[in-house]
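Residue numbers for the sequence shown follow UniProt numbering, so the first one is 1 and each next one is one higher. Glycine included, C-beta positions come from ideal geometry on N, C-alpha and C. Since the model is a prediction, treat every value here as computed from it, not as a measurement.
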Amino acid sequence: MRVLIVDDHPLTRDGVRAGLADGRTTVLQAGDTASAFRSLDHDRPHVLIADLRLGDEDGVEFIQKVVQGFPAVRILVVSQASMSEVVRAIRSGAHGYVSKSAPTAELQRAVAAVVQGPVVPPELAVQLVTEFQQRPGLTPREREVLRALARGYDNREIGCELEISVRTVNRHLESIRDKLGTRRRSELIRIARAHHTG
C-alpha cells in the first residue's frame with residue numbers, strides 16, 4: 001500500500017512515517033500542496049494523510065481539489081483542528097479522521113480501515129449528531145428512507161421496502177441531503193447510524 005503524508009511540519013511527517021513503517025507500506029511525503037499533487041499524479045497513493053492546517057493552502061480546499069482530481073484516493077485527516085473544521089473536511093470528501101495526539105496504534109488501525117470504509121471516532125460522531133439535531137426536521141417518510149439507507153439498501157431496495165418508486169426514493173434523498181447539508185451518501189449513512197434516525 002502507498003500512503004502519502006501531507007503536512008508542512010517535517011517532524012510530524014517523520015513521526016507519521018515512522019509509525020507506518022511496517023515493510024508492507026510505502027510512505028511518501030509532501031510538505032506543501034504543490035508537492036502533494038505531483039506525488040498524487042506520479043505515485044498514485046492509495047491513502048492520503050492530510051493536516052487541515054497547511055502553510056500554503058486551506059486544508060479543506062485542498063481536500064476538495066483532491067476529491068475532484070483523484071477520486072480513487074482515500075483521504076484520512078490527521079490534525080489538531082477543531083471538530084467543526086474536521087466536519088467541514090468530511091463534508092468535502094475526506095473519509096476519516098484521527099487526532100494528531102492519538103497513539104501510533106490508532107493511526108495504524110485508521111489507515112488500514114479507511115481503505116475499506118469511513119473512519120469516524122466517537123468525538124466526530126458526536127459532532128455529526130449535534131449538527132444533525134440542529135438541521136430542519138425530516139418527515140416520517142424521509143426518516144424511513146434514511147433508516148433503510150443505514151441498513152445498506154440501495155435505492156431500488158428502498159423503493160421495494162417502502163413500496164414507492166425509485167424516482168420517489170431519489171426525491172426523498174435529495175430532500176434529506178438538503179436538510180442535512182451533505183451530498184455524500186456515505187455521510188448520510190454515518191449520520192443515520194449515529195443518530196438511529198428515530
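Taking just the CA atoms, how far does residue j sit from residue i?
i	j	result
Lys-100	Ala-94	16 Å
Val-16	Ile-5	8 Å
Gly-23	Arg-147	42 Å
Arg-190	Ala-150	7 Å
Leu-188	Asp-32	31 Å
Val-77	Gly-117	14 Å
Ile-176	Gly-159	16 Å
Pro-45	Pro-140	43 Å
Gly-198	Arg-143	Residue placement at Gly-198 cannot be trusted, given a pLDDT of 49 that sits under 50; the coordinates are not used to answer.
Gly-152	Ser-186	10 Å
Asp-8	Ser-165	50 Å
Ser-92	Gly-69	13 Å
Ala-112	Leu-48	12 Å
Pro-10	Val-114	24 Å
Pro-121	Arg-167	34 Å
Asp-154	Val-67	23 Å
Arg-184	Thr-12	30 Å
Ala-102	Arg-156	40 Å
Arg-38	Thr-182	29 Å
Short of 6 Å in beta carbon distance, which residues of its chain neighbour residue i, apart from the five on each side in sequence? Order them along the chain.
i	result
Gln-80	Lys-100
Glu-57	Thr-33
Out of the options, which one is the CA nearest neighbour of residue i?
i	options	result
Asp-43	Gln-116, Ile-158 and Val-27	Val-27
Arg-74	Ser-84, Ala-89 and Ser-82	Ala-89
Lys-65	Glu-85, Val-86, Leu-40 and Val-87	Leu-40
Arg-2	Ala-72, Arg-156, Gly-59 and Pro-10	Ala-72
Leu-83	Phe-70, Leu-52, Ala-113 and Ala-105	One detail in the question is off: residue 83 reads as Met in this sequence, not Leu. It is Leu-52 whose Cα lies nearest to the Cα of Met-83.
Asp-14	Leu-180, Pro-121, Arg-167 and Thr-104	Thr-104
Val-124	Asn-155, Arg-156, Ala-102 and Val-87	The sequence as given places Leu at residue 124; Val does not occur at that position. Comparing Cα-Cα distances from Leu-124 to each of Asn-155, Arg-156, Ala-102 and Val-87, the minimum goes to Val-87.
Going by DSSP, what residues sit across from residue i in a beta bridge?
i	result
Gly-96	Leu-76 and Val-119
Ile-164	Bridge partners of Ile-164: none, in fact.
Skipping 5 residues on each side, what residues in its chain have a beta carbon closer than 7 Å to that of residue i?
i	result
Gly-137	none
Ala-110	Leu-76, Gly-96, Val-98 and Val-119
Phe-62	Thr-33, Ala-50 and Leu-54
Ala-36	Leu-4, Val-6 and Ala-30
Thr-25	Met-1 and Val-3
Quick one: what's got a C-beta closer than 8 Å to residue i's C-beta in the same chain, skipping five residues either side?
i	result
Val-145	Ile-158, Leu-162, Val-169, His-172, Leu-173 and Ile-176
Leu-107	Val-16, Gly-19, Leu-20, Val-78 and Val-98
Gly-59	Ala-50, Asp-51, Leu-52, Arg-53, Val-77, Ser-79, Ala-81, Glu-85 and Ala-89
Arg-193	Ala-150
Beta strand (DSSP E) segments (min. 3 residues) lying fully within the UniProt domain "Response regulatory" (2–115): If only complete runs of 3 or more residues are kept, the UniProt domain "Response regulatory" (2–115) shows the beta strand (DSSP E) at 2–6, 26–30, 47–50, 74–79 and 96–99, in order along the chain.
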